[in-house]
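Okay, so the sequence shown: first residue is 1 according to the numbering used here, each after it adds one.
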Amino acid sequence: MLSFVIPAMNECNGIKRVISDIKAKAAALDYEIVVIDTNSTDGTPEAARELGAVVIDEPRRGYGRAYKTGFSEAKGDIIITLDADGTYPLDSISEAVRILQANEADFITCNRFGGQETAMKLSHRFGNYVLSFFTRALFGIRISDSQSGMWIFKKNILPKLNLIADGMAFSEEIKIEAFSKVKSVEIPTNYMSRIGEVKLRGFSDGFENLKFLFKKRFSNIPRAQ
């Protein structure tokens, strides 16, 4: 069984597209759709429920916090993460699931620079380059897109990962942990223009992510409970 786990905050139009795409392209599979809603005021949870998703209300803010809640509620053997803004296509899902089922990998992350990445702003591409460089340099893992939000992985690896970040740094942290502890690969994917308003705070989020990399590398971070 697959669990599509999608954090959302005021993404009513985007979540409709994402769920519709899942239902169209994963119709032959056994799956569930889990949407973690963080205090949306635009009808996002209602729209998701109407389309058959399981909606979990998570009042605590944070990208990582939403994912931790979603992972704990997911019932599938394989978890697939997507953004609610429609930026990640589902074309890579079948091959990724095949790789996992063949035990060639436990964790897969998608490289948005391996396909059509024209939808990403130049400033975001530069920030991603800097963060990916420091991720490789500090942790010795081979990865090109440290900030990608599309991952496909076996749920049973989660107890092995020490996931502390509650904010945007969760995206880089889960890759650091997975590439360090389980069989992990990076595969190319396309990247599309988002639906709705941009939530990323550019420089401030990037700077916080950079600080987190150094903190995780050089601080004695406790094990997640």
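Glycine is no exception: its CB is placed at the ideal position from the N, C-alpha and C atoms.
Which residue from the options puts its Cα closest to that of residue i?
i	options	result
residue 36	20, 213, 82	82
residue 3	157, 18, 50, 70	70
residue 205	174, 73, 62	62
residue 32	11, 55, 16	55
residue 186	106, 53, 134	106
residue 7	52, 75, 122, 57	57
residue 9	193, 99, 60, 68	60
residue 121	193, 149, 159	193
residue 165	150, 68, 131, 129	68
Taking Cβ to Cβ, would you say residue i is nearer than 7 Å to residue j?
i	j	result
residue 80	residue 108	no
residue 171	residue 147	yes
residue 14	residue 84	yes
residue 112	residue 145	yes
residue 127	residue 188	no
residue 130	residue 74	no
residue 190	residue 45	no
residue 5	residue 86	no
residue 16	residue 53	no
residue 143	residue 182	no
Bridge partners for residue i per DSSP, in chain order?
i	result
residue 8	37
residue 31	2
residue 186	109
residue 79	3, 153
residue 54	34
Applying the 10 Å Cβ sphere with the 16-neighbour rule, what's the burial state of residue i?
i	result
residue 225	Bear in mind that a pLDDT of 43 at residue 225, under 50, signals an unreliable position, so the model cannot answer this.
residue 140	exposed
residue 213	buried
residue 149	buried
residue 103	exposed
residue 96	buried
residue 211	exposed
So residue i and residue j are in contact, right, with Cβ under 8 Å, and what is the actual spacing, rounded?
i	j	result
residue 77	residue 155	6 Å
residue 49	residue 138	Residue 49 to residue 138, Cβ: 42 Å. No contact.
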